[in-house]
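2 protein chains.
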Amino acid sequence: MVLKSFVEVHPDSHFPIQNLPYGVFKAEPGSEARPGVAIGDYVLDLSVIASAGLFDGPYLENSDCFNQPTLNKFLGLGQLAWKEARSTLQKLLSAAEPILRDNTSLRQKALLPMDKVQMLLPIAIGDYTDFFASKHHAKNCGLIFRGPENPINPNWFHIPIAYHGRASSIVISGTDIIRPRGQGHPTVNSLPYFGPSRKLDFELEMAAVVGAGNELGKPVDVNEAANHIFGLVLMNDWSARDIQAWEYVPLGPFLGKSFGTTISPWIVTLDALAPFASDAPDQNPPPLPYLAEKEYKNYDISLQVSIVPAGQKDACIISRSNFKHLYWTITQQLAHHTINGCNLRPGDLLGTGTISGPEPDSYGCLLELTWNGQKPLSLGGTTRTFLDDGDEVIFTGCCKGGGYNVGFGRCSGKILPSPP
Amino acid sequence: MVLKSFVEVHPDSHFPIQNLPYGVFKAEPGSEARPGVAIGDYVLDLSVIASAGLFDGPYLENSDCFNQPTLNKFLGLGQLAWKEARSTLQKLLSAAEPILRDNTSLRQKALLPMDKVQMLLPIAIGDYTDFFASKHHAKNCGLIFRGPENPINPNWFHIPIAYHGRASSIVISGTDIIRPRGQGHPTVNSLPYFGPSRKLDFELEMAAVVGAGNELGKPVDVNEAANHIFGLVLMNDWSARDIQAWEYVPLGPFLGKSFGTTISPWIVTLDALAPFASDAPDQNPPPLPYLAEKEYKNYDISLQVSIVPAGQKDACIISRSNFKHLYWTITQQLAHHTINGCNLRPGDLLGTGTISGPEPDSYGCLLELTWNGQKPLSLGGTTRTFLDDGDEVIFTGCCKGGGYNVGFGRCSGKILPSPP
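Going line by line, the protein sequences match chains A and B. Under UniProt numbering, the residues of the first sequence are numbered 1 to 420, in order. Under UniProt numbering, the residues of the second sequence are numbered 1 to 420, in order.
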């Protein structure tokens, strides 16, 4: 029998009792930020549950981790605390359990309508790393920029390639994105172009949120890596392709990315995703021993990209992809990240890179979908090569269970014009 | 007449009353971290000065910025607060001023022998960016890796090229550095090398510490950029050249750098450096308008690299360079960093990149000094191409004034072997 909550949850909801993703919210504009979990159309205020003494297990009983403006402290407690929280909350919210269900005043304090609260960044992000883990994406980029001979660099098959991204400009879903200005390749008089980006793009990604960290100099074994990951979010790694193309040799992407990165508000835990594990694609050549996993798995998470074109009301779906297409798993990514001794801290974000599938309608960015602007995309009676001012980009992600979903909600952002 | 302190300061000291650099220290292992300034062989405890009510100007009178475990809050107050602190402290420490000089108990509480305290990271570093601002370094790297035709990429002359570095692994001078393990170029059987780095290097850099930040979407004008920089530190951007060479295409350096970066404990303010301003090198082609400065200046800071070879006691000087050789100024770096709208926060670190001078004995890393290992370096009766386990690398930096120095102290680290 499927577990049910006493809170009414629509069958299409992303947030049934099987999910219970974590976020941080403000009940009202002036009030304090605090952690919550999503249940149906409600947010359960974890500071209220903690104050009521309902986290009574050994890891959380005396902790103030739910009286914090971010989830970092909870994340740093490690997986035994996360499992304890999940089992406490699943019990408390279940249809059969009277403690919260039958306590009207506590229920009214603890369960807030989701459409009335403001969601915030759930974590203080110390470092943000972005990987390049989709083979389809790597291949398409190679075909577009280098042509059909060896579109993928030889190192890519041995290394989960990554670069450090900018942590300060990570924003929560719903935040407007200002079109960046910057330099592009020289055109007239051999001077570089300077002005608003003319190739503004989204990148469909997900990101792993680091739970427990590791000490500097102490790598994490790939078979222990899952214990260091708290959960996943949707991520839009907005990209200015013209700025990126001119600046990225030899030190990689910088201003083409650092103007903004959007994440979804709800962190879906690996525990909630466990039923949706799926085999990862074959790796050939086989990974080096430090990247060889006993369990080599992804998750079956359907991803969808829509655009509401400027001036219109309706969203047009432009891509359908899936997390399961990733070549390098998140556990391989984390193990690789630490093999040199680099330390990760609770709340660090590891982006997957653009998640493209094998088919043209499953590509994860406009660069690929329009083949660098050569094949404009039709949507809502208009066309796009790259993003226009006023366009809103919306990602959703969802796992389909037997009679329920485990979903990520949405990750959205709207483009505002550059400053004059 | 040269300003003098009642605290005795040796003429060779880096820390006379003209300097007053900021750091964070612990008086004893168990005690709280707090801000201080260096004066001669002493640290002035700013929490004691603040508690005694001696910061009596409008910006600092009611601030708790010196009762913090980092300088971030003070940095965020902006340049008027920094100038107020400097003038208060120069007055308080001057030979003519009795308030502190003649108050034995306050003096004993406030002035601690530097060799008795433990220095800590002075700032919580939200984001660390590393530039590539020395033309000599860029040219040498190009000659070594790409040959004599166009050793410097065309974009380099228009863009202060940079990448995001790893903030979590930045450590304070004196911290041991564990030799990283990782992949290198394939050799036998076309499999990549895996093991301890065989080309471990230092990079002689300095880094600007961001004071007041900027809002996301609001670039900083290049002529206002100096107001956002609190000061400078020495920085060793340790580099594993073999790991870097194999991983860096196309997304830039990652694990070849992220195993450790060392900074010196004392932040020397731009106010203390002002007397040592020097013209920056000619920029040809001229920079785009957003990078064109009214005042285009560097600072005349003599830099020196020594190595104490493993098993020996004495340091051998292997390079002498100078901050004034940088092609892109720190203000151009900061303005470029924000032109796309990227936000900087107090405590962010902007590394200059390796500071090489024009002569072979002024190169800022072993890659250049030994020409990628082709010309071993003699030191202390032994030779080096890259660093051995047990080697200690020491940077110093100093400006020579009329009768006094404004110095940075030292930035050092010793190499420990890789874990088995």
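Idealized CB from N, CA, C, for every residue including glycine. Here the structure is a predicted model, which is why all the values come from computation and not from measurement.
**Residues in the region 180–197 of chain B having any Cβ partner in chain A nearer than 9 Å** = Pro180, Arg181, Gly182, Gln183, His185, Pro186, Ser190, Leu191, Pro192, Phe194, Ser197
**Request:** Using a cut-off of 9 Å between C-beta atoms, extract the partners of serine 168(B) located in chain A.
**Result:** On the second sequence, position 168 is the one that residue 168(B) refers to. Residues of chain A passing the Cβ test: Gly126, Asp127, Gly213, Leu216, Cys342, Asn343, Leu344, Arg345, Asp348.
**Asked** Among residues of its own chain, excluding the 5 on either side of glutamine 244(B), which ones have a beta-carbon nearer than 6 Å to its beta-carbon?
**Response** Locating residue 244(B) in the second sequence gives position 244, counting from the first residue. So the qualifying residues of the chain are Pro253, Gly256.
**Prompt:** Is any beta-carbon of chain B found at less than 8 Å from that of asparagine 372(A)?
**Reply:** Taking the first sequence and counting its residues from 1, the one referred to as residue 372(A) is at position 372. No, asparagine 372(A) does not count as interfacial toward chain B.
**Prompt:** Between the region 264–297 of chain A and chain B, which residues of the former have CB atoms less than 9 Å from a CB of the latter, in chain order?
**Reply:** Pro285, Leu288, Pro289, Tyr290
**Asked** Counting only runs that start and end within the UniProt domain "Fumarylacetoacetase N-terminal" (18–122) of chain A, where is the alpha helix (DSSP H) found for 4 or more residues in a row?
**Response** 46–51, 72–76, 79–93, 98–101, 104–110
**Request:** At 8 Å on the CB atoms, spell out the chain A contacts of glutamate 247(B), in chain order.
**Result:** Residue 247(B) sits at position 247 when you count from the first residue of the second sequence. What glutamate 247(B) touches in chain A: Asn155, Ile159, Ile161.
**Message:** Going by the DSSP bridge assignment, what does histidine 164(B) pair with across the sheet?
**Reply:** As a working mapping, residue 164(B) is identified with position 164 in the second sequence. Bridge partners of histidine 164(B): His164(A), Thr129(B).
**Prompt:** How many angstroms separate the CA atom of proline 186(B) from the CA atom of valine 7(B)?
**Reply:** Here the question's residue 186(B) lines up with position 186 in the second sequence. Here the question's residue 7(B) lines up with position 7 in the second sequence. Distance between the alpha carbons of proline 186(B) and valine 7(B): 59 Å.
**Asked** For serine 264(B) versus valine 233(B), is the C-beta spacing smaller than 8 Å?
**Response** Numbered from 1 along the second sequence, position 264 holds the residue referred to as residue 264(B). Numbered from 1 along the second sequence, position 233 holds the residue referred to as residue 233(B). Cβ atoms of serine 264(B) and valine 233(B): closer than 8 Å.
**Prompt:** Does the region 133–140 of chain B touch the region 151–164 of chain A, meaning 3 or more C-beta pairs lie closer than 8 Å?
**Reply:** no
**Item:** Cα-Cα separation between valine 9(B) and proline 21(B), rounded to whole angstroms
**Value:** Residue 9(B) sits at position 9 when you count from the first residue of the second sequence. Residue 21(B) sits at position 21 when you count from the first residue of the second sequence. So the two alpha carbons sit approximately 14 Å from each other.
**phenylalanine 194(A) versus isoleucine 152(B) - alpha carbon distance** = Here residue 194(A) refers to the residue found at position 194 when the first sequence is read from its first residue. Here residue 152(B) refers to the residue found at position 152 when the second sequence is read from its first residue. Distance between the alpha carbons of phenylalanine 194(A) and isoleucine 152(B) is about 21 Å.
**Asked** Hey, how far is the Cα of glycine 341(A) from the Cα of glutamine 108(A)?
**Response** Residue numbering aside, residue 341(A) sits at position 341 when the first sequence is read from its first letter. Residue numbering aside, residue 108(A) sits at position 108 when the first sequence is read from its first letter. In a straight line, the C-alpha of glycine 341(A) is about 48 Å away from that of glutamine 108(A).
**Asked** Is DSSP giving isoleucine 242(B) helix, strand or coil here?
**Response** As a position in the second sequence, residue 242(B) is number 242, starting the count at 1. This sequence places aspartate at residue 242(B); isoleucine is not what is there. Correct three-state label for aspartate 242(B): helix.
**Message:** Less than 8 Å between CB atoms is the rule here; does serine 134(A) satisfy it with respect to chain B?
**Reply:** If you number the first sequence from 1, residue 134(A) lands on position 134. No, serine 134(A) does not count as interfacial toward chain B.
**Prompt:** glycine 30(A) to serine 319(A), Cα distance in whole Å?
**Reply:** Taking the first residue of the first sequence as 1, we reach residue 30(A) at position 30. Taking the first residue of the first sequence as 1, we reach residue 319(A) at position 319. Distance between the alpha carbons of glycine 30(A) and serine 319(A) is about 38 Å.
**Asked** Should isoleucine 172(A) be flagged as near chain B, meaning a C-beta pair shorter than 8 Å?
**Response** Translated into positions along the first sequence, residue 172(A) becomes position 172. For isoleucine 172(A), the answer is no, since every Cβ of chain B falls outside 8 Å of its Cβ.
**Prompt:** Looking at the structure shown, is glutamate 392(A) part of a helix, part of a strand, or coil, going by DSSP?
**Reply:** The residue given as residue 392(A) occupies position 392 in the first sequence. If DSSP states are grouped into helix, strand and coil, glutamate 392(A) belongs with the strands.
**Other residues of its chain near cysteine 316(B): CB distance less than 8 Å, five sequence neighbours each side excluded** = For the purposes of this step, residue 316(B) is taken as the residue at position 316 of the second sequence. Correct list, in chain order: Ser306, Ile307, Val308, Pro309, Leu379, Gly380.
**Asked** To the nearest whole angstrom, what separates the beta carbons of glycine 364(B) and glutamate 203(B), a pair I think is in contact under 8 Å?
**Response** Looking up residue 364(B) in the second sequence gives position 364. Looking up residue 203(B) in the second sequence gives position 203. With 8 Å as the limit, glycine 364(B) and glutamate 203(B) qualify as a contact, their Cβ atoms being about 6 Å apart.
**Asked** What's the C-alpha gap between tyrosine 290(A) and isoleucine 355(A)?
**Response** Walking along the first sequence from the start, residue 290(A) turns up at place 290. Walking along the first sequence from the start, residue 355(A) turns up at place 355. Rounded to whole angstroms, tyrosine 290(A) to isoleucine 355(A) spans 24 Å at the Cα level.
**Burial state of glutamate 392(A) (16 or more Cβ within 10 Å)** = As a working note, residue 392(A) is residue 392 in the first sequence. Its Cβ being crowded by 16 or more others within 10 Å, glutamate 392(A) is buried.
**Request:** Have a look at proline 148(A) and asparagine 372(A) and give me their C-alpha separation to the nearest angstrom.
**Result:** Position 148 of the first sequence, counting from 1, holds the residue named residue 148(A). Position 372 of the first sequence, counting from 1, holds the residue named residue 372(A). The alpha-carbon atoms of proline 148(A) and asparagine 372(A) are separated by roughly 15 Å.
**Item:** Cβ-based contacts, 9 Å cut-off: residues of the region 216–236 of chain A near chain B
**Value:** Leu216, Gly217, Lys218, Pro219
**Asked** Should alanine 81(A) be labelled buried (16 or more other beta-carbon atoms within 10 Å of its own) or exposed?
**Response** In the first sequence, the residue the question calls residue 81(A) occupies position 81. Buried: at least 16 other Cβ atoms inside 10 Å.
**Request:** Note down the Cα distance separating isoleucine 161(B) from histidine 137(B), rounded to an integer number of angstroms.
**Result:** Along the second sequence, one-based indexing puts residue 161(B) at 161. Along the second sequence, one-based indexing puts residue 137(B) at 137. Isoleucine 161(B) and histidine 137(B): Cα-Cα distance of roughly 13 Å.
**Prompt:** Do arginine 179(B) and proline 196(B) have their CB atoms nearer than 8 Å?
**Reply:** In the second sequence, residue 179(B) corresponds to position 179, counting from 1. In the second sequence, residue 196(B) corresponds to position 196, counting from 1. Closer than 8 Å, so yes.
**Request:** Tell me, to the nearest whole angstrom, how far the beta carbon of glycine 407(B) is from that of phenylalanine 15(B); I am working on the premise that it is less than 8 Å.
**Result:** Mapped onto the second sequence, residue 407(B) falls at position 407. Mapped onto the second sequence, residue 15(B) falls at position 15. About 7 Å; that satisfies the 8 Å criterion.
**Item:** Reduced DSSP secondary structure (H/G/I, E/B, other) of glycine 142(B)
**Value:** Along the second sequence, read from residue 1 onward, the residue named residue 142(B) stands at position 142. Three-state DSSP puts glycine 142(B) in a helix.
**Message:** So, does the region 275–283 of chain A touch the region 25–39 of chain A, judging by three or more C-beta pairs under 8 Å?
**Reply:** no
**Asked** Are at least three pairs of beta-carbons, each pair with one atom in the region 198–214 of chain A and one in the region 235–250 of chain A, less than 8 Å apart?
**Response** yes
**Item:** Distance between beta carbons of serine 47(B) and phenylalanine 66(B), contact taken as under 8 Å
**Value:** The residue you call residue 66(B) lines up with position 66 of the second sequence. The residue you call residue 47(B) lines up with position 47 of the second sequence. Indeed, because the Cβ distance is near 5 Å, the residues count as touching under 8 Å.
**Residue-level contact to chain A via CB, phenylalanine 254(B), 8 Å cutoff** = Within the second sequence, numbered from 1, the residue matching residue 254(B) stands at position 254. Taking Cβ atoms only, chain A reaches closer than 8 Å to phenylalanine 254(B), which makes this a yes.
**Asked** Fully enclosed by the region 271–357 of chain A, which beta strand (DSSP E) runs are 3 residues long or longer?
**Response** 277–279, 297–299, 302–308, 316–322, 349–351
**Item:** Within chain B, partners of leucine 251(A) - CB distance below 7 Å
**Value:** In the first sequence, counting from the first residue as 1, residue 251(A) sits at position 251. Neighbours of leucine 251(A) on chain B, chain order: Phe132, Ile161, Ala162, Tyr163, Gly252, Pro253.
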